[in-house]
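**Student:** Sequential numbering from 18 applies to the sequence shown in our numbering. We treat Cβ as the ideally placed atom computed from N, Cα and C, and that holds for glycine. As the structure is a prediction and not an experimental result, all values here were calculated from the model.
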Amino acid sequence: MKNLFRKATDFKGFTLIELLIVIAILGVLAAGILVAIDPIDKINQANDAKVQNDVSGAGRASEAYATVHNGFYPATLQDLVDAGELKRLPQAPSGYDAYSVVNMTGTPPVNAGSCTAGSECTGIIVSGRLKSKKYAVPDTTYWQYQSPSGKSCAVRTYTGNGCG
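#1: I believe valine 68 touches glycine 167 by the beta-carbon criterion, under 8 Å. Please report the beta-carbon distance rounded to the nearest angstrom.
#2: Go ahead and pull the three-state DSSP assignment for serine 164.
#3: Take phenylalanine 89 and list the residues in its own chain whose beta-carbon comes closer than 7 Å to its own, dropping the five residues that flank it on each side.
#4: Look at the alpha carbon of proline 125 and the alpha carbon of proline 165, and state the distance between them as a whole number of angstroms.
#5: In chain order, which alpha helix (DSSP H) runs of at least 4 residues are fully inside the stretch 70 to 113?
#6: Would you mind giving the Cβ-Cβ distance between glutamine 161 and valine 72, rounded to the nearest angstrom? I have them listed as a contact below 8 Å.
#7: Strictly under 7 Å for the Cβ-Cβ distance: is asparagine 120 near chain D by that measure?
#8: Assuming aspartate 58 contacts lysine 150 (C-beta within less than 8 Å), just tell me the rounded distance between them.
#9: What are the start and end residues of the beta strand (DSSP E) that includes glycine 140?
#10: Note down, in chain order, each residue of its chain lying with its Cβ closer than 8 Å to the Cβ of valine 98, except the 5 sequence neighbours on either side.
#11: Where does alanine 53 fall in DSSP's three states?
#12: Whole angstroms are fine: how far does the CA of tyrosine 113 sit from the CA of tyrosine 152?
#13: Please classify aspartate 96: is it buried, with 16 or more other beta-carbons within 10 angstroms of its beta-carbon, or exposed?
#14: Hey, alanine 81 and glutamate 102: beta-carbon distance below 7 Å or not?
#15: Cutting at 6 Å between CB atoms, please list the residues of its own chain near isoleucine 34, excluding the five before and the five after it.
#16: Checking 7 Å against the spacing of the C-beta atoms, do valine 118 and leucine 94 come in under that value?
#17: With a threshold of 6 Å on Cβ separation, who are the neighbours of leucine 37 within its own chain once the five nearest residues in sequence on each side are excluded?
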């Protein structure tokens with residue numbers, strides 16, 4: 018009977034206020050960590066890695082195509098699949114622009130028009146847009162393979178001349 022009438026000070030544990038304060042502090046810490054990690058940018062970085070891999074692979078395949086086709090490059094990425102240089106057409110990550118092939122002619126050696134089927138493309142740019150914050154200006158930076166240099170690099174404009 019004595020236990021039924023104990024004073025409130027005899028109980029051991031935390032009060033509701035103490036628990037709410039701890040939960041609030043943990044919430045603030047979790048929000049800070051979430052901002053520091055930036056999971057959306059991590060996803061964009063992973064997608065950018067796929068773009069870089071796909072574009073560089075398509076660039077290497079286009080060089081193999083040009084070797085077999087008297088120095089002429091493919092008009093489209095589908096031509097690389099049809100010729101057996103790629104097993105399947107590379108697909109850009111969800112939310113990204115489709116990859117493109119651009120004919121390089123003129124001075125500077127860039128013409129924003131695409132190669133046309135049956136035309137003699139003597140140089141190409143294979144390009145895909147990058148979105149992560151790793152690049153100075155997301156959504157205006159592209160990963161490109163440029164046939165004259167045989168290199169892949171990040172450029173700030175779609176028809177950039179930056180892989181030299």
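**Tutor:** On the basis of the coordinates in this document:
#1: Contact between valine 68 and glycine 167 fails: their C-beta atoms lie close to 19 Å from each other, not under 8 Å.
#2: In the structure shown, serine 164 sits in coil (DSSP, three-state: anything other than H, G, I, E or B).
#3: Closer than 7 Å at Cβ, skipping near neighbours: Ala83, Glu137, Cys138 and Thr139.
#4: Per-residue confidence for proline 125 stands at a pLDDT of 39, beneath the threshold of 50, marking its modelled position as unreliable; no derived number is given.
#5: Within the stretch 70 to 113, the complete alpha helix (DSSP H) runs of at least 4 residues are 94 to 99.
#6: Indeed they touch by this definition, with Cβ atoms about 7 Å apart.
#7: This model lacks chain D altogether, as it is built from one protein chain only.
#8: 5 Å between Cβ atoms; contact.
#9: No beta strand (DSSP E) contains glycine 140, which DSSP labels as neither H nor E.
#10: Leaving aside the five residues that flank valine 98 on each side, the residues in its chain whose CB is nearer than 8 Å to its CB run, in chain order, Lys104, Arg105 and Leu106.
#11: Here alanine 53 sits in helix by DSSP.
#12: For tyrosine 152 and tyrosine 113, the distance between alpha carbons rounds to 15 Å.
#13: Label assigned to aspartate 96: buried.
#14: Yes, these two residues count as a Cβ contact at 7 Å.
#15: Listed in chain order, the non-local C-beta contacts of isoleucine 34 below 6 Å within the same chain number zero, local neighbours out to five positions each way being set aside.
#16: In contact: valine 118 and leucine 94 (Cβ atoms closer than 7 Å).
#17: For leucine 37, same chain residues with a beta-carbon under 6 Å away, outside a window of 5 residues either side, do not exist.
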